[in-house]
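Student: Just dropping this structure here.
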Amino acid sequence: MPELPEVETTRRGIAPLINNKIIQGIILRTAKLRRPLDPELTNILPGRKIHAVERRAKYLLVRCDGGGLLLHLGMSGNLRVVPASTTVGRHDHVDLVFSDGNCLRFNDPRKFGVLLWTVGDPLTHPLLAGLGPEPLADDLTGDYLYRKSRSRKIAVKPFIMDQKLVVGVGNIYASEALFRAGVRPDRPAGKISRRSYDLLAEEIRQVLGEAIAAGGTTINDFRQNDGKPGYFRQQLRVYGRAGEPCMACESRIISQRLGQRSTYYCPQCQK
DNA sequence: ACGCTCTCCTGGCCGC
DNA sequence: TGCGGCCAGGAGAGCG
């Protein structure tokens, strides 16, 4: 589900609803997400106040007194703020309960999510240590991608999805950005020109920005905090469109398996 | 270091 | 209607 735009959409949805709230308790209904949930959370959290909800890569950072919660939505995670008395549904694994009677409810069918407490600044956690630059900041440039890619044989699509290179580009937006930049996803990263990387860096920023503006992309179950889907799906040009005509040239969109992930591209527009 | 595969988990869909 | 197989928005682990 969530790539950077969906995580950012989630952040913007919940931040005003949980900022400055006091945590009264936490309810853990499963022992284990991608990492085991620490039962100590029930002792650590009560009484702490939330100061900010930030995002780094696809992680959400909920800053509190003395530390912060690090949250990753995995493939299928979803966060909503609801009254704590709301009926618990299937896969509602965690409630962060506030003293105002509401709770932040974490639902994750596939249990690929992560939730853990970090002492001090959550940005210093090892999970975040090796991450690449934020694509929406100015530090993602064509020059950077070009330099990092020299002598790399990996296909450019899995290359730009590597969070150590640049964060936030997942399977949907990787295909979309490569289409917009006119680059075939299976080309070796090291063989792509500086000019193409300039374009690609720009298109990554562009497509992520547009997706955030649309509230993210809903394929199956992603929901914004108000329960509405993300509307960017209508603007996808290649993802999920195998066999359909290219919006630019009418060629049939091709689907190909690359690094175990479905990839979509136009054989005419992308070279 | 790099490139590749497997793995965690559940649900939905497709074909038989 | 049931069942097996495959696929799904992520990413860490382990292998050669």
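Heads up: the first sequence is residues 22 to 292, going by this note's numbering. Idealized CB from N, CA, C, for every residue including glycine. Given the structure is predicted, the values throughout are model-derived calculations rather than measurements.
DSSP beta-bridge partners for P266?
Tutor: R273
Student: Check for me: the beta strand (DSSP E) holding I175 runs from which residue to which?
Tutor: It is not in any beta strand (DSSP E) - I175 carries neither H nor E in the DSSP assignment.
Student: Measure the C-alpha to C-alpha separation of D159 and R55 and round it to an integer number of angstroms.
Tutor: 32 Å
Student: With distances taken Cα to Cα, identify the nearest neighbour of R254 among D121, A234 and G134.
Tutor: That would be A234, whose Cα lies nearest to the Cα of R254.
Student: Assign Q256 to buried or exposed, taking buried as 16 or more other Cβ atoms, counted over all protein chains shown, within 10 Å of its Cβ.
Tutor: By the neighbour-count rule (16 or more Cβ atoms within 10 Å), Q256 is not buried but exposed.
Student: With burial defined as no fewer than 16 other Cβ atoms inside 10 Å of the residue's Cβ, what is the status of T145: buried or exposed?
Tutor: exposed
Student: Around the C-beta of I178, are 16 or more other C-beta atoms found within 10 angstroms, so that it is buried, or is it exposed?
Tutor: Before going on, a small fix: residue 178 reads as Lys here, not Ile. Per the 10 Å Cβ criterion, buried.
Student: Between which two residues does the beta strand (DSSP E) carrying V204 extend?
Tutor: Element bounds for V204: n/a, residue is neither H nor E.
Student: Just tell me which of T239, Y285 and Q281 has its CA closest to the CA of S272.
Tutor: Ranking T239, Y285 and Q281 by Cα distance to S272 puts Y285 first.
Student: Can you tell which of G153, S214 and G203 has its C-alpha closest to the C-alpha of K185?
Tutor: G153
Student: What does DSSP give as the partner residue(s) for D116 in the beta ladder?
Tutor: I48 and R126
Student: Between the C-alpha atoms of C287 and G230, what's the straight-line distance to the nearest angstrom?
Tutor: 22 Å
Student: State whether the stretch 84 to 99 contacts the stretch 168 to 177, with contact taken as three or more CB pairs (one from each stretch) at a distance under 8 Å.
Tutor: no
Student: Leaving out the 5 sequence neighbours to the left and right, which residues in its chain are closer than 7 Å to H112 when beta-carbon positions are compared?
Tutor: N128, D129 and P130
Student: Give a yes or no on whether the C-beta atoms belonging to P143 and L25 are separated by under 9 Å.
Tutor: no
Student: Using the DSSP secondary-structure output, state which residues sit across from Y218 in a beta bridge.
Tutor: Y218 pairs with nothing; no bridge assigned.
Student: Just to confirm, are I47 and T63 a CB contact at a threshold of 9 Å?
Tutor: yes
Student: For E265 and G211, I'd like the C-alpha separation in whole angstroms.
Tutor: 30 Å
Student: Rounding to the nearest angstrom, what Cα-Cα distance links G151 and I240 in this structure?
Tutor: 29 Å
Student: Quick one: Cα of Q281 to Cα of V190, how far?
Tutor: 16 Å
Student: What do you reckon, are the CB atoms on P23 and G95 nearer than 9 Å?
Tutor: yes
Student: Roughly how many whole angstroms lie between the Cα atoms of P104 and V204?
Tutor: 47 Å
Student: First and last residue of the alpha helix (DSSP H) that includes A36?
Tutor: L25 to I39
Student: Of the residues I275, D183 and R126, which one's Cα is nearest the Cα of S283?
Tutor: I275
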